[in-house]
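Engineer: Residue numbers (my numbering): 13 to 305. Supplied in structure tokens, the structure appears directly below.
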């Protein structure tokens, strides 16, 4: 049966909309999470984020109904381990450097995926434009206060994990679909919890902390990771990597709205560059591969 133009347009819009929603949700969650750092530390916040997110997704998706095969199990474990490392590294960086800067540095990972996956000249143009935007949003172009070098290294390491996340999520998601997120969060939560307990102890279960943790878990883990899996199983790595050029812009915007970080003229130019690059890629990249579900 031949697909109608409307059906084709909806199939292309679904993963793009899901990915954009995930990125907005993550930045909102990061602003909530930063407020918990003085109370339970970065590791404690990471642990709660993953535990709450895992419980939420398990309740909704009930992943035990779909058992992973032996062939996909190594990819699923790698996905969960990488997810724990990514979150621990990024939140540790976020405790030392501003949100917009941390997101821009972390973006080195997906940007690498977009560059290596590119095959057509038009795709390369959007990647170059995205690089220009990231540079304008980075702290290296407009010098201000000195950045914590450890925070910078932690954010770059998180970027490396982000690049691996794209690969592992697609490998595991090819068989498990959205259930990959639920399984992966359970693995990541189990690995991150000891780090959180070591830093915050019983503070993790204080009633006031748990209320905030519900918001962090919802916006930073459960909702965005599920939306990202919807996107990853329906689009090529090239499109995913280029669309995530919006991450630094959204991080800077979230910092402005919720953390009272001001935007310089160069940062505004960077926002415009990554927005044009992201939507240019969405318009010129081949249609996403349908989900096997």
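Glycine included, each C-beta is placed from N, C-alpha and C at the ideal position. What you are looking at is a predicted structure, and each value in this text was computed from that prediction instead of being measured.
(1) Under a Cβ-count criterion, where at least 16 other Cβ atoms within 10 Å of its own Cβ denotes burial, should residue 210 be classed as buried or exposed?
(2) Just to confirm, is the Cβ distance from residue 90 to residue 243 under 8 Å?
(3) Enumerate in chain order the residues of its own chain whose CB-to-CB distance from residue 227 is below 6 Å, with the five nearest sequence positions on each side excluded.
(4) For residue 280, which of helix, strand or coil comes out of DSSP?
(5) Could you compute how far the alpha carbon of residue 93 sits from the alpha carbon of residue 270?
(6) Which value, in whole angstroms, describes the spacing of the CA atoms of residue 57 and residue 83?
(7) Count the other C-beta atoms from every protein chain shown that fall within 10 angstroms of the C-beta of residue 81, then say buried if there are 16 or more, exposed otherwise.
(8) What span of residues does the alpha helix (DSSP H) with residue 65 cover, start to end?
(9) Taking 8 Å as the threshold, find out whether the stretch 132 to 148 comes into contact with the stretch 281 to 290 through three or more Cβ pairs.
(10) For the candidate residues 255, 147, 32 and 234, whose alpha-carbon lies nearest to that of residue 61?
(11) Taking the alpha helix (DSSP H) that residue 109 falls in, what are its first and last residues?
(12) When burial is assigned at 16 or more other CB atoms within 10 Å of the CB, is residue 76 buried or exposed?
(13) Measure the Cβ-Cβ separation of residue 42 and residue 106 and say whether it is below 8 Å.
(14) As a quick exercise: from 292, 289, 276 and 257, pick the residue whose alpha carbon is nearest that of residue 115.
(15) Let's test the definition: count the other Cβ atoms within 10 Å of the Cβ of residue 28 and tell me whether it reaches 16, buried, or not, exposed.
(16) From 267, 251 and 273, pick the residue whose C-alpha is nearest to that of residue 136; which is it?
(17) So is residue 245 buried or exposed if we call it buried at 16+ other beta carbons inside 10 Å?
Structural biologist: Taking the geometry as given:
(1) Reading the chain shown from its first residue, position 198 is the one you call residue 210. The residue is exposed, with fewer than 16 neighbouring Cβ atoms inside 10 Å.
(2) Here residue 90 is taken as the residue at index 78 of the chain shown, counted from 1. Here residue 243 is taken as the residue at index 231 of the chain shown, counted from 1. Inclusion of residue 90 and residue 243 in the CB contact set at 8 Å is not warranted, their separation being larger than that value.
(3) Position 215 of the chain shown, counted from the start, is the residue given in the question as residue 227. Answer for residue 227: 44, listed in chain order.
(4) Mapped onto the chain shown, residue 280 falls at position 268. Reduced to three states, the DSSP call for residue 280 is helix.
(5) Here residue 93 corresponds to residue number 81 of the chain shown, with the count starting at 1. Here residue 270 corresponds to residue number 258 of the chain shown, with the count starting at 1. Cα to Cα, the separation comes out at about 31 Å.
(6) One-based indexing of the chain shown puts residue 57 at position 45. One-based indexing of the chain shown puts residue 83 at position 71. Distance between the alpha carbons of residue 57 and residue 83: 33 Å.
(7) Taking the chain shown and counting its residues from 1, one reaches residue 81 at position 69. Burial is judged here by how many other beta carbons sit within 10 angstroms of a residue's own beta carbon; residue 81 has fewer than 16 and is exposed.
(8) On the chain shown, position 53 is the one that residue 65 refers to. It spans 49 to 73 - the alpha helix (DSSP H) in which residue 65 sits, taken as one unbroken run.
(9) These segments touch.
(10) Position 49 of the chain shown, counting from 1, holds the residue named residue 61. Of the candidates 255, 147, 32 and 234, the one whose C-alpha sits nearest the C-alpha of residue 61 is 234.
(11) Within the chain shown, the letter at position 97 stands for residue 109. Neither: residue 109 is in no alpha helix (DSSP H) and is coded neither H nor E.
(12) Position 64 of the chain shown, counted from the start, is the residue given in the question as residue 76. Exposed is the call here.
(13) Here residue 42 refers to the residue found at position 30 of the chain shown. Here residue 106 refers to the residue found at position 94 of the chain shown. Result yes, Cβ atoms of residue 42 and residue 106 sit closer than 8 Å.
(14) Numbered from its first residue, the chain shown carries residue 115 at position 103. Ranking 292, 289, 276 and 257 by Cα distance to residue 115 puts 257 first.
(15) In the chain shown, residue 28 corresponds to position 16, counting from 1. That one is buried.
(16) Counted from its first residue, the chain shown places residue 136 at position 124. Of the listed residues, the one whose Cα sits closest to residue 136 is 251.
(17) Counting from 1 along the chain shown, the entry for residue 245 is found at position 233. With 16 or more Cβ atoms within 10 Å of its Cβ, residue 245 is classed as buried.
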